[in-house]
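Heads up: the structure comes next, in structure tokens.
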Amino acid sequence: MAKEQLCNYTYGEMLVSPGYDVDFAIGTTYSVNPQALLIIPMALGLLSSNNEAAVQSPICLLEGIRRSANKFVLFCNKGGTHIPSNCQPYLSLMDNCIYEVQSPQKSQFLSNFHPKVWIIKETNREEKNDQQIKVIVMSRNLTLDNNLDMVVSLTGKIGKQTINNKKHKPLIDFLTSLIPLMGNGTNNNQHIIKDKKKKMKMVIESIRKVKHFEIDTDLFEKDGYEFIPILFGQNLNKNISYPEAWQGTDQMTISPFIDIKTLRELDKNAKNRHILVTTSGYVSKDIYDLFNKENHEIYVMKDGMTHNDIMPTDLHAKTFLVCNPKGEYGNFLFVGSANATYAAFHKNSEFIIRLQYKYGKHLVFDSFKEEFLQMDAREESKIFETVNFPPESEETHETSELEAFVRNYITNNFLAKCYSCKDGNYNVIIKAGHHDNRYRIQIAPMQTAGYKVELENEAILSNLTLAQLSDFYIISVQDANGQNMDKVIKIPTEGIPYEDRDIAIYKTFVDSKEKFLRYLSFILTDDIDEYLFDAEQSMKLIAQHGNDKDSVPLSLNIYEQLLKAASNNPKKFIEIEDVIRKIGKEEYTQEFLEIYKTFKEAIKQK
Numbered sequence: 261m262a263k264e265q266l267c268n269y270t271y272g273e274m275l276v277s278p279g280y281d282v283d284f285a286i287g288t289t290y291s292v293n294p295q296a297l298l299i300i301p302m303a304l305g306l307l308s309s310n311n312e313a314a315v316q317s318p319i320c321l322l323e324g325i326r327r328s329a330n331k332f333v334l335f336c337n338k339g340g341t342h343i344p345s346n347c348q349p350y351l352s353l354m355d356n357c358i359y360e361v362q363s364p365q366k367s368q369f370l371s372n373f374h375p376k377v378w379i380i381k382e383t384n385r386e387e388k389n390d391q392q393i394k395v396i397v398m399s400r401n402l403t404l405d406n407n408l409d410m411v412v413s414l415t416g417k418i419g420k421q422t423i424n425n426k427k428h429k430p431l432i433d434f435l436t437s438l439i440p441l442m443g444n445g446t447n448n449n450q451h452i453i454k455d456k457k458k459k460m461k462m463v464i465e466s467i468r469k470v471k472h473f474e475i476d477t478d479l480f481e482k483d484g485y486e487f488i489p490i491l492f493g494q495n496l497n498k499n500i501s502y503p504e505a506w507q508g509t510d511q512m513t514i515s516p517f518i519d520i521k522t523l524r525e526l527d528k529n530a531k532n533r534h535i536l537v538t539t540s541g542y543v544s545k546d547i548y549d550l551f552n553k554e555n556h557e558i559y560v561m562k563d564g565m566t567h568n569d570i571m572p573t574d575l576h577a578k579t580f581l582v583c584n585p586k587g588e589y590g591n592f593l594f595v596g597s598a599n600a601t602y603a604a605f606h607k608n609s610e611f612i613i614r615l616q617y618k619y620g621k622h623l624v625f626d627s628f629k630e631e632f633l634q635m636d637a638r639e640e641s642k643i644f645e646t647v648n649f650p651p652e653s654e655e656t657h658e659t660s661e662l663e664a665f666v667r668n669y670i671t672n673n674f675l676a677k678c679y680s681c682k683d684g685n686y687n688v689i690i691k692a693g694h695h696d697n698r699y700r701i702q703i704a705p706m707q708t709a710g711y712k713v714e715l716e717n718e719a720i721l722s723n724l725t726l727a728q729l730s731d732f733y734i735i736s737v738q739d740a741n742g743q744n745m746d747k748v749i750k751i752p753t754e755g756i757p758y759e760d761r762d763i764a765i766y767k768t769f770v771d772s773k774e775k776f777l778r779y780l781s782f783i784l785t786d787d788i789d790e791y792l793f794d795a796e797q798s799m800k801l802i803a804q805h806g807n808d809k810d811s812v813p814l815s816l817n818i819y820e821q822l823l824k825a826a827s828n829n830p831k832k833f834i835e836i837e838d839v840i841r842k843i844g845k846e847e848y849t850q851e852f853l854e855i856y857k858t859f860k861e862a863i864k865q866k
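Going left to right, the sequence shown walks through residues 261 to 866 as our numbering numbers them.
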């Protein structure tokens, strides 16, 4: 199930350092693909594996979420979660991990929360005093595309004393500003949100104890980094001003989305070379004319890269190489989420890092150009091509009336309340701020996308099972012409019994003694591949014994693993007890619990 994420993403190896455990992780992104989201608990739960069977295993995913759901928060743009391709109960287990962000100014509903950064606190597994903060700045969203992106990773050791390096203040201010955006939750989950806010503050206090961050390459000056967060159009780093810091005598502007106003600003100081790398649909006649002069070039991805049946790839990196900007001397690389657009620097929320190349590297521009464009011996790019003629026609990139309405509508103050029914199911009442008769508006639970009800000022979602309850809903809007647009949004829902709901979700996957014992075996193993081999052997035995699964000697394997854990890793017992709580009071869990208690007592007496 999560194979594509593990194969196509470097999230696993980036998020978790070898030999370290994650204490808490704070992530931001513009959009979230539900399938891609699953890589986060897999990585934070230390369950990444190259074995295809592992990443397709429901038990593996359940265990990843169980281990990590209280260890991370993810902030995304309002309405930025993609609609799941099918029902995925796993996602509801992360209701309290994902928080949507929108501009506090109602009139700015078209602005985007667009930063793509992870800040992670880690502790060395062997040496607990060795703690560090990892900062990963990238241009990639949490999606499954194969586009060309950029990423930079920095690591800083946490000392014993508060240092308050001024370079880190913009990062601290950014994280501090995110905390209130989580809201307070409902009566049923406010304790969870309070705990996560406390952990975010713990990460912030740890950053105050970091003297400096080490960059994951030796190309840059030791302290040659600057964090540049932009929150709702406000630059939180007062030392790096736009546009001056982006105006070099030589520069490369790499941005899939561009506008002429911003490019004119960036080009003001370009006395020598200025190379623009972008997407073909955004090269207007004005932009072509701006670059139709000596030492100026425009590159776009070759058609064979963007249009093919195997692995279509387009540009998604947002990177600026700036040589000798106004008032400074040196070569600087900006990496992050900001496009070369007015919205990026004046309306959106973004996260950028500026890195200063080491002095003496006189060929920075040429070497970066050659590497990024993948130039061959003839100085021709393998994946990009130059734009040598103005466009015959220009594509329009204006927001449609339907999209503008939907993006404005989802910023309303929705209210949701969950009520239990006598039959054990639930009704959810949704109240909307207002209704517009020009549009047909419907709402559905994210876990039952086919169950849509009309939403005017109020809607009732009836007869939902416990496992179908979630804070996420699908808003569907249709205009008079029959055009549709769907958005997933989070509506904190009063009355959801999260603990019971989670048990119901676990039971949808662990619904028999055989699956329960298999789950316990997975927890107790120190080697995922070893577990998968044992599981394969068990399946062969099941085939031999027909449907009489109780005859499979899984129990014997469990007790052998318990004996091993008792001597090598007693903490496994705590995890077993937590899993039993997650699955609830079933006959087979209670049966195991009685034997397990006897086993623990016997171990104590030895």
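All C-beta atoms, glycine included, are put in the ideal place defined by N, C-alpha and C.
Keep in mind that this is a model prediction, so the values were computed, not measured.
Per the C-alpha coordinates, the member of Lys629, Asn568 and Asn346 positioned closest to valine 582 is Lys629. Glutamine 707 and leucine 404 have their C-alpha atoms spaced approximately 21 angstroms apart. Residue environment analysis places cysteine 336 among the buried positions, since at least 16 neighbouring C-beta atoms fall within 10 angstroms of its C-beta. Within the DSSP bridge table, the entry for cysteine 583 names Asp510 and Asn591 as partners. DSSP, reduced to helix, strand and coil, places histidine 451 within a helical segment of the structure shown. Between asparagine 687 and isoleucine 734, the CB-CB gap reaches or exceeds 8 angstroms. If you check the CB distance, isoleucine 836 and isoleucine 783 come in under 8 angstroms. A direct Cα-to-Cα measurement between aspartate 455 and threonine 446 gives close to 14 angstroms.
Inclusion of tyrosine 542 and phenylalanine 517 in the CB contact set at 8 angstroms is warranted, their separation being smaller than that value. In this chain, the beta strand (DSSP E) harbouring methionine 398 covers 391-398.
Membership of asparagine 744 in the beta strand (DSSP E) is indicated by the continuous run 744-750. Our two residues, histidine 472 and aspartate 483, have alpha carbons roughly 7 angstroms apart in a direct line.
According to DSSP, aspartate 281 shares a beta bridge with Thr383. With respect to the 8 angstroms criterion, threonine 522 and alanine 600 are classified as neighbours on the basis of their beta carbons. The Cβ atoms of phenylalanine 611 and serine 597 sit closer than 8 angstroms to each other. By the CB criterion at 8 angstroms, proline 705 and leucine 724 fall inside the cutoff. No Cβ-Cβ contact shorter than 8 angstroms links lysine 842 with isoleucine 358. Judged by DSSP in its simplified three-state form, phenylalanine 732 adopts strand. In this chain, the alpha helix (DSSP H) harbouring leucine 304 covers 299-304.
With at least 16 other beta carbons inside 10 angstroms of its own, tyrosine 617 counts as buried.
8 angstroms or more divides the Cβ of aspartate 574 from the Cβ of threonine 538. Only exposed fits proline 440, as fewer than 16 other CB atoms lie within 10 angstroms of its CB.
Secondary structure remark: continuous alpha helix (DSSP H) runs of at least 4 residues inside the segment 528-565, in chain order: 545-551. In the three-state DSSP reduction, isoleucine 570 falls in the coil class, being neither helix nor strand. Between serine 627 and tyrosine 559, the gap from beta carbon to beta carbon reaches 8 angstroms or more. Per DSSP, the unbroken beta strand (DSSP E) holding cysteine 336 starts and ends at 332-337. Phenylalanine 649 places its beta carbon 8 angstroms or farther from that of tyrosine 502.
In the DSSP assignment, threonine 646 falls outside any alpha helix (DSSP H) and within the unbroken beta strand (DSSP E) covering 644-646.
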